[in-house]
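What follows is a set of notes on a single structure, which appears directly below.
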Amino acid sequence: MSIITMDQIAVMSAQYVHYTFDYYLDSMKRCGIKNIDLWGACPHFCRMDHPTNASAVRRLREMRKQAESMGMQFVIYTPETLNYPYDISSPYQVVRDRTLDYFDMAMDDALELGTNRLFINTGSGLRDIPREESWKLAVESMKKICNMAEKRGIMMLLEQLQPYESNLLFNLPQMSAMLKEVDSPALRVCVDLVAMEVAGEKLEDYYQELGEEKIQFIHYADGDPSGHYILGDGNLPLKEYIKILEKHDYTGFVDLEINDSIYWEDPHTSVRRSVDYLREFLPEHAGGDGVLLSSEQK
49 MSIITMDQIA VMSAQYVHYT FDYYLDSMKR CGIKNIDLWG ACPHFCRMDH PTNASAVRRL
109 REMRKQAESM GMQFVIYTPE TLNYPYDISS PYQVVRDRTL DYFDMAMDDA LELGTNRLFI
169 NTGSGLRDIP REESWKLAVE SMKKICNMAE KRGIMMLLEQ LQPYESNLLF NLPQMSAMLK
229 EVDSPALRVC VDLVAMEVAG EKLEDYYQEL GEEKIQFIHY ADGDPSGHYI LGDGNLPLKE
289 YIKILEKHDY TGFVDLEIND SIYWEDPHTS VRRSVDYLRE FLPEHAGGDG VLLSSEQK
């Protein structure tokens with residue numbers, strides 16, 4: 049049985065939406081986190097801010113150099129795709145084409161950052177259009193994206209959403225159906241534990257339905273069950289999740305998605321408290337040298 053360690057903990061930068069990338073890196077350093085999940089949007093890195101590919105590459109290389117100089121690594125790139133102007137199920141060809149072009153660039157961007165993991169979700173079909181039509185378009189687009197990913201050695205990590213976010217993929221049966229219809233070795237699963245609880249599902253259900261090989265990323269947060277709260281502030285069985293991951297020899301990353309607008313003013317505290325929570329109940333997982341890292345490195 050594998051043991052989940054602090055070396056597997058990552059933090060998504062989305063909750064730092066009102067802070068610079070420099071601040072985010074400094075916060076990670078103070079929290080003792082080395083694994084970065086870069087949210088691809090302003091003010092950190094937005095591909096559309098760069099008129100040329102060369103401009104984007106320069107910025108990405110600067111960011112990678114900066115992170116690596118602080119002992120950190122990019123473990124996944126999460127381009128913003130949930131809202132306009134991107135939509136893989138849009139009834140409008142121009143929107144779908146724009147979205148495919150965006151993912152084409154995002155794959156190159158991920159590789160520039162030093163990772164082959166790229167996050168994706170289905171977004172939502174337009175609510176006044178039959179869901180079946182939007183689903184068909186989403187599958188068609190996903191197949192094209194995964195075909196590009198296969199050629200580049202990219203792992204596409206598909207997350208389930210919540211019903212308020214999507215009418216396409218918000219539970220395990222829909223996730224299973226998407227995987228089967230797309231049928232690509234590049235398409236793997238990011239289980240969002242909050243969305244899972246909202247759907248009334250269990251992590252063991254995902255393993256039984258999808259198998260260990262498909263589950264390659266975890267979005268880890270607390271909730272009631274909704275929300276993406278500081279660890280310990282909700283009522284989700286956070287320790288049980290870890291036990292299940294260990295039971296299934298999970299060796300991927302556990303990504304802190306403490307992403308709620310209530311934390312935007314002070315995102316550092318939300319991450320610091322969450323990291324402290326992990327170290328409290330998993331002290332034996334401190335690191336390879338067996339020494340528990342300090343809870344705050346100022």
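The sequence shown stops at residue 346 when you use our numbering, and every number in between is there.
A virtual CB, placed ideally from N, CA and C, is assigned to each residue, including glycine.
Everything numeric in this text was worked out from a predicted model, so none of it was measured.
Rounded to the nearest angstrom, the Cβ distance from A115 to L73 is 6 Å, consistent with a contact under 8 Å.
Per DSSP, the unbroken beta strand (DSSP E) holding I57 starts and ends at I57 to M60.
For the pair of segments examined, the region 140-151 was found not to touch the region 244-263: the number of CB pairs separated by less than 8 Å stays below three.
Note on geometry: alpha-carbon atoms of A243 and R107 lie some 33 Å from one another.
By the CB criterion at 8 Å, C238 and F122 fall outside the cutoff. With contacts defined by Cβ atoms closer than 8 Å, I57 and L209 do not form a contacting pair. K262 places its beta carbon less than 8 Å from that of L227. According to DSSP, M54 shares a beta bridge with no other residue. The DSSP-derived three-state label of E261 is coil. Straight across, the Cα-Cα distance linking A158 with D314 is about 28 Å. Straight through space, the alpha carbons of H276 and R165 are spaced by roughly 22 Å. A residue is called buried when at least 16 other Cβ atoms come within 10 angstroms of its Cβ; S318 meets this threshold and is buried.
Rounded to whole angstroms, K291 and I278 show a C-alpha spacing of 19 Å. According to DSSP, I84 shares a beta bridge with V59 and F122. H267 is bridged by DSSP to D240 and D303.
In this chain, I310 is not harboured by any beta strand (DSSP E), its DSSP state being neither H nor E. In this chain, I168 is not harboured by any alpha helix (DSSP H); it is covered by the beta strand (DSSP E) spanning R165 to I168.
Assignment of beta-bridge partners to Y277 by DSSP yields D270. For S322, the CB contacts under 6 Å within the same chain, skipping 5 residues up- and downstream, are I278, L279, L304 and I306 in chain order. In this structure, K82 sits near M120, with a CB-CB distance shorter than 8 Å. CA-to-CA, the gap between M155 and N215 works out to about 26 Å. Per the coordinates, the alpha-carbon of P91 lies some 33 Å from the alpha-carbon of Y298. Between I124 and L293, the C-beta spacing is not below 8 Å.
In the same chain as S189, and ignoring 5 residues on each side of it, the C-beta atoms closer than 6 Å to its own belong to I136 and R144, in chain order. For the 8 Å CB-CB criterion, E245 and L284 form a contact.
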